[in-house]
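The structure appears right after this line, and notes come after that.
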Amino acid sequence: MARRYADPIFAREKIRRTHRAPIVLLLILVIVIIASALINGFINRQVQVARQSVTIPSLTSSLEGFKILHISDLHGAAFGHGQEGIATALQSVRYNAVVISGDSLAPDGTDAQLMELIALLDKNVPVFLIAGDEDPAPIVSVPHASNEARAEYIKRAESFGAIYLDAPYPVQVGKSTLWFCPESVYDMDVANARQSMTNQRRQLSSEPDSESTRAALRAVEYWLDLIDRIEQSLLQMKSGDFKICVTHAPYSQAGLSELRYNEADGLRNNAKPVSLVLAGHYNGGQFRLPFLGPVYIPGKIGLYDGDRWFAGDHGLVGLDTLYGISQYISPGMGAAQIYTPWSARFMNPPTVTLITLTSKLVY
């Protein structure tokens, strides 16, 4: 029988196809990466407005439909000249109050983007601002540029029309009062705090005069004044008033239970029960994949005991209700350094939320 030989032409073609396959796969991978980067770049420039209704069964008719624009975790992100991207997104949005719940400055402390944001908001509504864990300290007890205890970015924000929410602030709507309260109100024992600050003032007053001593004294005097303002606000609160707690880091389940009435809490009970908590901090997981949600949650962010992969959105973003208290966690707008090495938003559009208060059940 004659021996059969492979055709060398077909053999060479097979080798070429074998060598070509990895190159084709690599080329496809490069195209996918470039396309994903371009799509993500486009997404990160498009500010979204989410709409969320929050049911408060006892809500009065005068507060029905009250709208709060909730903004969190700007992290110094810029959306066009003068934040025109945000202005465009809010062009047809109407609201009765604004809450900016922290981590607003850039990692290097730049506050220009925050000031541009405040400047474009409606001047006829209150704009409440708190600091986040990645913001500089809002109250400074060491020598700095001015002779005030408040940090420079806090003073600048106030000059642009914001209200630094360090004490409860009432908003009167018809015959109803809605209090916006910083988280510190629910942690502070007024009498003990005043005694502690008084002791610190006495000790500092006995020390030699210096810039450091004067700066520390200014901070103590600020805190003593703040304690008085908090006490006066708590005394003014009535049981029929509605209270909104503004915090940067969301409350845990155990923390939310503390926002209910508790006889041992004395004067703090006047700020309870809380109807709604507004928070941020998590940035919606920051690095997300379609259909899979957040990829990685670092343990140091405080949501879990350790690092988690593909943990889902529960407790990370959106609205949850526990013990009759609703907590809304903003998806955020910028990128937090705490997510290092994932310190960039991916497939996670920058989002502000329009929250509407209602007495009606929302499904």
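Sequence positions in the sequence shown follow this note's numbering and run -7 to 355.
Glycine is no exception: its CB is placed at the ideal position from the N, C-alpha and C atoms.
Selection from the options that minimises the alpha carbon distance to residue i
i	options	result
residue 83	247, 225, 113 and 340	113
residue 325	345, 177, 163 and 312	345
residue 182	152, 193, 224 and 167	224
residue 86	67, 71, 58 and 102	58
residue 310	155, 50 and 343	343
residue 341	38, 20 and 16	38
residue 143	281, 211 and 350	211
residue 120	335, 239, 308 and 138	239
residue 338	314, 304, 277 and 289	277
Collapsed DSSP secondary structure at residue i in the structure displayed
i	result
residue 44	strand
residue 227	helix
residue 91	strand
residue 62	strand
residue 167	coil
residue 314	strand
residue 266	coil
residue 14	helix
residue 238	strand
residue 319	strand
residue 142	strand
residue 157	coil
residue 337	coil
residue 288	strand
Residue i, enclosing beta strand (DSSP E) - first and last residue
i	result
residue 345	343 to 350
residue 122	119 to 122
Host alpha helix (DSSP H) of residue i (start-end)
i	result
residue 376	There is no way to answer for residue 376, as the model of the chain reaches only from -7 to 355.
residue 182	182 to 197
residue 308	Per DSSP, residue 308 belongs to no alpha helix (DSSP H) and is neither H nor E.
Exposed unless 16 or more other CB atoms sit within 10 angstroms - verdict on residue i
i	result
residue 177	buried
residue 169	buried
residue 16	exposed
residue 260	buried
Short CB-CB distance (under 9 Å) between residue i and chain D
i	result
residue 176	In the structure shown, chain D does not exist; there is a single protein chain.
Practice item. Flag this pair as touching only if the segment 108 to 123 and the segment 70 to 83 have three or more C-beta atom pairs under 8 Å; answer yes or no. Key: yes
Point to revise | Touching by the beta-carbon criterion (3+ pairs, under 8 Å), the segment 214 to 222 and the segment 145 to 153 | key: Taking one beta carbon from each stretch, the segment 214 to 222 and the segment 145 to 153 have fewer than 3 pairs nearer than 8 Å; the two do not touch.
Review point. With contact counted as at least three CB pairs below 8 Å, one residue from each stretch, are the segment 39 to 59 and the segment 286 to 304 in contact?
Key: No: the two stretches stay apart, fewer than three of their Cβ pairs being nearer than 8 Å.
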